[in-house]
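**Q** Following my numbering, the numbering of the sequence shown begins with 5 at its first residue and continues without gaps.
Built from N, CA and C at the ideal position, the CB exists for glycine as well.
All figures in this text were calculated on a predicted structure; none of them were measured in a lab.
Provided herewith is a single structure, encoded as structure tokens, for subsequent inquiry.
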Amino acid sequence: MRITRVEPVLFDAGLDRTWCFVRVDTDAGIRGYGEATTTEPHMVAAVVRRLGEWLAGEDPRRIQDLWQRMHGRYHNVRGGNLLLAAMSGIEHALWDVKGKAAGLPVYEMLGGAVRDRVPAYCNHMFFTAAGDPTFPPGDAPDAPARFRDRAHEAVARGFRAVKLAPFGSLRDSIDARGLRQVCAVVGAVRDAVGPDVEIAVDTHGRFQMAAAVQVARALADYRPWFLEELAPPENLQAMRRLRDLVDVPLATGERVYGKWGFHALLEAGAAEILQVDVAHCGGILEARLIAGLAECHYVQLAPHAWYGPVAMAASLQLDATIPNLLVQEVPVPHVMPAAQRELVGDQLVVTAGSLAIPDGPGLGIVLDEAVLERHRLPG
5 MRITRVEPVL FDAGLDRTWC FVRVDTDAGI RGYGEATTTE PHMVAAVVRR LGEWLAGEDP
65 RRIQDLWQRM HGRYHNVRGG NLLLAAMSGI EHALWDVKGK AAGLPVYEML GGAVRDRVPA
125 YCNHMFFTAA GDPTFPPGDA PDAPARFRDR AHEAVARGFR AVKLAPFGSL RDSIDARGLR
185 QVCAVVGAVR DAVGPDVEIA VDTHGRFQMA AAVQVARALA DYRPWFLEEL APPENLQAMR
245 RLRDLVDVPL ATGERVYGKW GFHALLEAGA AEILQVDVAH CGGILEARLI AGLAECHYVQ
305 LAPHAWYGPV AMAASLQLDA TIPNLLVQEV PVPHVMPAAQ RELVGDQLVV TAGSLAIPDG
365 PGLGIVLDEA VLERHRLPG
């Protein structure tokens, strides 16, 4: 079997979102899909096209060999964020082809499942934009009541964990008033969900060291499950110092790329939870290797995922195989763009706070190609 074509498919998902899918065709008539969505989908699509030019004619089942060659083992161009995102999408699609050829889901080819369902948390989009431009930012006067109401709704939908981003326009530093506003939102959510529902808080790496410490110490009273990206990911020594200054679990990883980046993060002891993104880090197998490194450090994974359904399916294939999974990030279905619901139907449905692992061949989901073409963008 040989690859005949690799192409990016830019998909207009609505709500100002564009997803970058990757389609791999073969001479055996087997087609695989992956996802390489980033905040710059057109840029990563260009990299997919370039990689696809020399993947034509290769055996799609030689996934690790092709990965090493794409990453730069045999030439001087080494992995960066756009390259690794493009490689991730291609790698998903290669696994999809391989699984379809074998009649097996990816997780079976990675050693089999350690769980049948994946615990999920309702991500911060449900509490902020959520398709509702009238929803207040975290620093608005009516934010605590609105966040509280959304928290009630999330629990009514069966979620046992939620994530908030309650900072609004606050950035870099935070004063006493801003800190009170943030605490009011998190406190309102804690009162709404009670002591047995987990609350994570995402800072998006927006604060300098002093403000990050203030935020972490103020929120400790609400027993956060974890604080996400309390510091930007570039300076591991600063992240480690921050780790030593606060008493809540820290999570990071959505902007860390490849096993080498995560190895350095783990060696620095900068976080208890890794938020590997299979659409950014290098793909499913790379994420599995990162999970193994994390297991050696007694660190758990809470994979990052807020893009499209192919990345979610790929992440679920990873989740099936790793013993140190904590939870999977999930955009709540009813706030996903309508185009996604058309594209995959009810194949990725959260029930009682968890998702079933897709067990069809390859990534386990089937895309409606008519919908894909109808929403396709140039590029």
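Tell me the start and end of each unbroken alpha helix (DSSP H) in the region 208 to 243 that is at least 4 residues and wholly inside, in chain order.
**A** For the region 208 to 243, whole alpha helix (DSSP H) runs of length 4 or above, ordered along the chain, are 213 to 223.
**Q** With three or more C-beta pairs closer than 8 Å as the rule, is the region 321 to 330 touching the region 290 to 299?
**A** Contact holds: three or more Cβ-Cβ distances are below 8 Å.
**Q** Are residue 335 and residue 171 closer than 9 Å when you measure CB to CB?
**A** Within the sequence shown, numbered from 1, the residue matching residue 335 stands at position 331. Within the sequence shown, numbered from 1, the residue matching residue 171 stands at position 167. Contact flag unset, no.
**Q** Among the residues of its own chain, which have a CB less than 8 Å from the CB of residue 107, if the five just before and after it don't count?
**A** Reading the sequence shown from its first residue, position 103 is the one you call residue 107. Closer than 8 Å at Cβ, skipping near neighbours: 365.
**Q** What residue does the alpha helix (DSSP H) around residue 153 start on, and which one ends it?
**A** The residue labelled residue 153 in the question sits at position 149 within the sequence shown. 147 to 160 is the extent of the alpha helix (DSSP H) around residue 153.
**Q** Quick check on the DSSP output: what are the complete alpha helix (DSSP H) runs of length 4 or more inside the region 264 to 314, in order along the chain?
**A** Runs found: 288 to 300.
**Q** Could you name the residues that DSSP lists as bridge partners for residue 366?
**A** The count along the sequence shown starts at 1 and reaches residue 366 at position 362. Answer by DSSP bridge pairing, in chain order: 109.
**Q** In the structure shown, what three-state DSSP assignment does residue 9 receive?
**A** Taking the first residue of the sequence shown as position 1, residue 9 is located at position 5. Strand.
**Q** So what's residue 202 in DSSP terms, helix, strand or just coil?
**A** The residue you call residue 202 lines up with position 198 of the sequence shown. Of the three classes helix, strand and coil, the one that applies to residue 202 here is strand, per DSSP.
**Q** Can you name, in chain order, every residue of its own chain whose Cβ lies under 8 Å from the Cβ of residue 199, other than the five neighbours on each side?
**A** Counting from one through the sequence shown, the residue named residue 199 turns up at place 195. Closer than 8 Å at Cβ, skipping near neighbours: 227.
**Q** Based on Cα-Cα distance, which residue from 186, 179, 269 and 163 lies nearest to residue 332?
**A** Residue 332 sits at position 328 when you count from the first residue of the sequence shown. The residue with the shortest Cα to Cα distance from residue 332 is 163.
**Q** Relative to the C-alpha of residue 357, which residue among 377, 166 and 183 is closest?
**A** Numbered from 1 along the sequence shown, position 353 holds the residue referred to as residue 357. When only C-alpha atoms are compared, the closest one is 166.
**Q** Using only CA atoms, which one of 109, 5, 141 and 22 lies nearest to residue 382?
**A** Numbered from 1 along the sequence shown, position 378 holds the residue referred to as residue 382. Out of 109, 5, 141 and 22, 22 has the C-alpha closest to the C-alpha of residue 382.
**Q** Apart from the five residues just before and just after residue 63, which ones in its own chain have a Cβ nearer than 7 Å to its Cβ?
**A** To locate residue 63, count along the sequence shown from 1; it is residue 59. These residues qualify, in order along the chain: 5 and 6.
**Q** Taking all protein chains shown into account, decide if residue 300 is buried (16 or more other Cβ within 10 angstroms of its Cβ) or exposed.
**A** Along the sequence shown, read from residue 1 onward, the residue named residue 300 stands at position 296. By the 10 Å Cβ count, residue 300 comes out exposed.
**Q** Tell me the residue span of the beta strand (DSSP E) that contains residue 122.
**A** For this step, residue 122 is matched to residue 118 along the sequence shown. Segment 121 to 126, the beta strand (DSSP E) holding residue 122.
**Q** Please confirm whether residue 303 and residue 270 have their CB atoms less than 9 Å apart.
**A** Translated into positions along the sequence shown, residue 303 becomes position 299. Translated into positions along the sequence shown, residue 270 becomes position 266. Yes, the Cβ-Cβ distance between residue 303 and residue 270 is below 9 Å.
**Q** From 120, 13 and 115, pick the residue whose C-alpha is nearest to that of residue 360; which is it?
**A** Taking the first residue of the sequence shown as position 1, residue 360 is located at position 356. It is 120.
**Q** By alpha-carbon positions, which one of 19, 43, 59 and 17 ends up nearest to residue 11?
**A** Here residue 11 is taken as the residue at index 7 of the sequence shown, counted from 1. For residue 11, the nearest C-alpha among the options comes from 59.
**Q** Just to check my reading of the structure: residue 368 and residue 291 have Cβ atoms closer than 8 Å, yes? What is that Cβ distance to the nearest angstrom?
**A** Here residue 368 is taken as the residue at index 364 of the sequence shown, counted from 1. Here residue 291 is taken as the residue at index 287 of the sequence shown, counted from 1. So it is not a contact: roughly 16 Å between Cβ atoms.
**Q** Straight-line CA distance for residue 278 to residue 65?
**A** Within the sequence shown, residue 278 is the residue found at index 274, counting from 1. Within the sequence shown, residue 65 is the residue found at index 61, counting from 1. Answer to the nearest angstrom: the Cα atoms are 29 Å apart.
**Q** At which residues does the alpha helix (DSSP H) containing residue 345 begin and terminate?
**A** As a first step, residue 345 must be located in the sequence shown, where it is residue number 341. Per DSSP, residue 345 belongs to the alpha helix (DSSP H) from 342 to 348.
**Q** Taking the alpha carbon of residue 212 as the point to measure from, which residue in 195, 243 and 85 has its own alpha carbon closest?
**A** Counting from one through the sequence shown, the residue named residue 212 turns up at place 208. Measuring from the Cα of residue 212, the nearest candidate turns out to be 243.
**Q** From residue 16 to residue 314, what does the alpha carbon distance come to, in whole angstroms?
**A** In the sequence shown, residue 16 corresponds to position 12, counting from 1. In the sequence shown, residue 314 corresponds to position 310, counting from 1. One C-alpha to the other measures close to 14 Å.
**Q** Is the Cβ-Cβ distance between residue 128 and residue 169 less than 9 Å?
**A** As a position in the sequence shown, residue 128 is number 124, starting the count at 1. As a position in the sequence shown, residue 169 is number 165, starting the count at 1. The answer is yes: Cβ separation under 9 Å.
**Q** Is DSSP giving residue 164 helix, strand or coil here?
**A** Position 160 of the sequence shown, counting from 1, holds the residue named residue 164. Coil, per DSSP.
**Q** Looking only at C-alpha atoms, which of 87, 71 and 68 sits nearest to residue 42?
**A** Here the question's residue 42 lines up with position 38 in the sequence shown. With distances taken between Cα atoms, residue 42 lies closest to 87.
**Q** Starting from residue 21, follow the beta strand (DSSP E) in both directions and report where the run begins and ends.
**A** Within the sequence shown, residue 21 is the residue found at index 17, counting from 1. Per DSSP, residue 21 belongs to the beta strand (DSSP E) from 21 to 30.
**Q** What does DSSP give as the partner residue(s) for residue 333 in the beta ladder?
**A** As a working mapping, residue 333 is identified with position 329 in the sequence shown. Note: residue 333 sits in a beta bridge opposite 125.
**Q** So, with DSSP's three-state summary, where would you put residue 144?
**A** Within the sequence shown, the letter at position 140 stands for residue 144. Correct three-state label for residue 144: coil.
**Q** Of all the options 378, 26, 275 and 205, which has the alpha carbon lying nearest to the alpha carbon of residue 50?
**A** As a first step, residue 50 must be located in the sequence shown, where it is residue number 46. For the residues 378, 26, 275 and 205, the minimum Cα distance to residue 50 belongs to 26.
**Q** Can you give me the start and stop residues for the alpha helix (DSSP H) that residue 191 sits inside?
**A** Translated into positions along the sequence shown, residue 191 becomes position 187. Residues 180 to 197.
**Q** Which residue's Cα is closest to the Cα of residue 207: 191, 177, 13 and 197?
**A** Counting from 1 along the sequence shown, the entry for residue 207 is found at position 203. Selected option, being the one with the closest Cα: 177.
**Q** Identify every residue that forms a DSSP beta bridge with residue 38.
**A** Position 34 of the sequence shown holds residue 38. BP columns for residue 38 point to 26.
**Q** Which residues in the same chain have their Cβ closer than 7 Å to the Cβ of residue 188, if we skip the five residues on either side of it in sequence?
**A** Residue mapping note: residue 188 aligns to position 184 of the sequence shown, counting from 1. These residues qualify, in order along the chain: 148.
**Q** In chain order, what residues of the same chain lie with their CB nearer than 7 Å to the CB of residue 29, ignoring the 5 residues before and after it?
**A** Within the sequence shown, the letter at position 25 stands for residue 29. Result list for residue 29: 8, 9 and 35, in chain order.
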